[in-house]
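Colleague: Just dropping this structure here.
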Amino acid sequence: FLKQIDSNLHKQYTMEKFKEGFAGGKNFVVNEPEFAFTQPKFRKKDICDELVKISELNTTHRAKKYLINRGINEDTLSKLYYCPNFKEWTNKHKKTFDNTQHDDQRIIIPLRHSDGQLFGYQGRSLDPTSKMRYITVMLDEDAPKLYGLEKINTKKPIYILEGPFDSLFVENSVAMCGSDVDIRSFGWSDYIYVYDNEPRNREIVNRISKTINRGEKVIIWPTSIEHKDINDMVLGGQNIMNVLESNTYSGLKAKIKFNNWKRI
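Numbering (full-length UniProt numbering), first residue to last: 1 to 264.
The structure is reproduced here in structure tokens:
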């Protein structure tokens with residue numbers, strides 16, 4: 001009735017009743033406001049943060065000089081680390097060594113999942129006389145021993161190499177840090193194996209042969225290239241991506257090329 005006589009007065013009356021908890025003669029319950037909070041995501045501790053990045057070392061430092069001499073660029077150096085006491089640091093995070101005698105300095109190559117989370121690392125010795133040039137430490141024993149998972153695009157061809165340093169020169173590549181990795185388990189649609197250019201190395205010859213017999217793609221190096229690995233090829237002036245793209249084979253053609261290659 002009031003609304004018909006004076007609409008403004010009716011609005012004021014309704015607001016007063018609303019404040020008292022009533023509206024239109026009926027109980028009117030005002031619900032508590034709901035606030036939606038997004039659970040914050042915290043980055044897991046990355047033990048590599050305890051170390052110095054190679055890129056931050058002085059250019060005269062042994063570790064940095066070694067990598068620069070291998071042709072590795074500054075951007076990549078920021079993804080590698082220097083550890084002055086490898087055994088001690090490793091045992092701090094995972095009991096691996098019975099003692100820390102004869103500890104050594106190593107370059108740390110982090111192994112990461114596609115989301116960047118660390119699951120292991122390789123330590124590359126700076127001592128040329130070391131009996132163990134590479135030591136792999138797995139923080140997650142169920143993770144695959146592969147380097148480079150965080151930087152690949154699975155929609156493009158993926159190159160699978162034997163060494164982490166070689167993979168730094170190849171676009172969209174990973175490196176095997178153990179022989180027990182089954183690449184087929186990843187479900188990648190297109191991948192290519194890249195082995196060293198050593199036709200007299202029986203182990204490499206056998207690996208290439210098995211890869212071809214499985215029907216998978218593999219690089220068969222042209223006879224014109226004498227360097228044994230990708231790093232040496234790059235230092236020798238080769239355009240490595242062009243070489244890889246023009247020497248990818250599978251099936252019968254791979255067998256023919258392989259037979260010619262291993263006779264060198």
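Ideal Cβ positions, reconstructed from N, Cα and C, are used throughout, including at glycine.
1. Could you compute how far the alpha carbon of Ile124 sits from the alpha carbon of Lys79?
2. Since I believe Ser167 is in contact with Ser173 (beta carbons under 8 Å), could you give me their beta-carbon distance rounded to a whole number of angstroms?
3. Can we say the region 117-137 touches the region 185-204, given the rule of at least three CB pairs closer than 8 Å?
4. Measure the Cβ-Cβ separation of Ile72 and Ala63 and say whether it is below 8 Å.
5. To the nearest angstrom, report how far apart Leu51 and Cys83 are at their CA atoms.
6. Which residues in the same chain have their Cβ closer than 6 Å to the Cβ of Leu118, if we skip the five residues on either side of it in sequence?
7. If you pair each beta-carbon of the region 145-152 with each one of the region 202-221, do three or more pairs fall below 8 Å?
8. Quick check: is any heavy atom of the ligand NAD less than 7 Å from the C-beta of Arg263?
9. Name the one or two DSSP bridge partners that residue 321 has.
10. Distance check for Glu162 and Phe97, CA to CA, integer angstroms please.
11. To the nearest angstrom, report how far apart Ala143 and Asn247 are at their CA atoms.
12. Between which two residues does the alpha helix (DSSP H) harbouring Arg202 extend?
13. Does DSSP put Ala175 in a helix, in a strand, or in coil?
14. Helix, strand or coil for Thr96 per DSSP?
15. Taking DSSP as the reference, what is the three-state secondary structure of Ile219?
16. Name the DSSP beta bridge partners of Arg263, please?
17. At the level of alpha carbons, what is the spacing between Val205 and Lys87?
18. Any idea which residues DSSP pairs Lys53 with across the strands?
19. Note down the Cα distance separating Met233 from Lys262, rounded to an integer number of angstroms.
20. Would you check if the distance between the CB atom of Pro157 and the CB atom of Asp115 is smaller than 8 Å?
21. For Tyr195, which option in Leu57, Leu244, Tyr121, Thr100 has the closest C-alpha, if you only look at C-alpha atoms?
22. My output table needs one value for Pro144: the three-state DSSP class, helix, strand or coil.
23. I think Phe258 touches Ile208, with their Cβ atoms under 8 Å apart; what is that distance to the nearest whole Å?
24. Look at Leu77 and Arg106 and say whether their C-beta atoms are less than 8 Å apart.
25. Quick check on DSSP: helix, strand or coil for Leu149?
Modeller: Quick answer:
1. For the purposes of this step, residue 124 is taken as residue 124 along the sequence shown, with counting starting at 1. For the purposes of this step, residue 79 is taken as residue 79 along the sequence shown, with counting starting at 1. Here residue 124 is Arg; the residue named in the question, Ile, does not match the sequence. Roughly 14 Å between the two C-alpha positions.
2. Locating residue 173 in the sequence shown gives position 173, where the first residue counts as 1. Locating residue 167 in the sequence shown gives position 167, where the first residue counts as 1. Right, their Cβ atoms sit about 4 Å apart.
3. no
4. Numbered from 1 along the sequence shown, position 72 holds the residue referred to as residue 72. Numbered from 1 along the sequence shown, position 63 holds the residue referred to as residue 63. No, Cβ-Cβ distance for Ile72 and Ala63 is not below 8 Å.
5. Here residue 51 refers to the residue found at position 51 when the sequence shown is read from its first residue. Here residue 83 refers to the residue found at position 83 when the sequence shown is read from its first residue. Their backbone Cα atoms lie some 6 Å apart in a straight line.
6. Here residue 118 refers to the residue found at position 118 when the sequence shown is read from its first residue. In the same chain as Leu118, and ignoring 5 residues on each side of it, the C-beta atoms closer than 6 Å to its own belong to Asp46, Pro110, Arg112, in chain order.
7. Below 8 Å, too few C-beta pairs join the region 145-152 and the region 202-221 to call them touching: fewer than three.
8. With respect to the ligand NAD, the structure offers nothing, as it holds no ligand at all.
9. The question about residue 321 has no answer here: the residues shown for the chain are numbered 1 through 264.
10. For the purposes of this step, residue 97 is identified with residue 97 of the sequence shown, where counting begins at 1. For the purposes of this step, residue 162 is identified with residue 162 of the sequence shown, where counting begins at 1. Phe97 and Glu162: Cα-Cα distance of roughly 25 Å.
11. Start at 1 with the first residue of the sequence shown, and residue 143 comes out as number 143. Start at 1 with the first residue of the sequence shown, and residue 247 comes out as number 247. Cα-Cα distance, rounded: 31 Å.
12. Here residue 202 refers to the residue found at position 202 of the sequence shown. Where Arg202 is concerned, the enclosing alpha helix (DSSP H) stretches over 202-213.
13. Numbered from 1 along the sequence shown, position 175 holds the residue referred to as residue 175. Residue state, collapsed to three classes: strand.
14. Here residue 96 refers to the residue found at position 96 when the sequence shown is read from its first residue. Coil.
15. For this step, residue 219 is matched to residue 219 along the sequence shown. Correct three-state label for Ile219: strand.
16. Sequence index remark: in the sequence shown, residue 263 carries index 263 (1-based). In the DSSP output, where bridge partners are listed per residue, Arg263 has none listed.
17. In the sequence shown, counting from the first residue as 1, residue 205 sits at position 205. In the sequence shown, counting from the first residue as 1, residue 87 sits at position 87. Going by the C-alpha atoms only, they are around 35 Å apart.
18. Sequence index remark: in the sequence shown, residue 53 carries index 53 (1-based). Lys53 pairs with Tyr81.
19. Numbered from its first residue, the sequence shown carries residue 233 at position 233. Numbered from its first residue, the sequence shown carries residue 262 at position 262. Looking at the two C-alpha atoms, the distance is approximately 19 Å.
20. Counting from one through the sequence shown, the residue named residue 157 turns up at place 157. Counting from one through the sequence shown, the residue named residue 115 turns up at place 115. Between Pro157 and Asp115, the C-beta spacing is not below 8 Å.
21. Residue numbering aside, residue 195 sits at position 195 when the sequence shown is read from its first letter. Nearest option by C-alpha distance: Leu244.
22. By 1-based counting over the sequence shown, the position of residue 144 is 144. In the structure shown, Pro144 sits in coil (DSSP, three-state: anything other than H, G, I, E or B).
23. Stepping through the sequence shown from its first residue, residue 258 is reached at position 258. Stepping through the sequence shown from its first residue, residue 208 is reached at position 208. Right, their Cβ atoms sit about 6 Å apart.
24. Locating residue 77 in the sequence shown gives position 77, where the first residue counts as 1. Locating residue 106 in the sequence shown gives position 106, where the first residue counts as 1. Annotated as distal: Leu77 and Arg106, with beta-carbon spacing of 8 Å or more.
25. Counted from its first residue, the sequence shown places residue 149 at position 149. Helix at Leu149.
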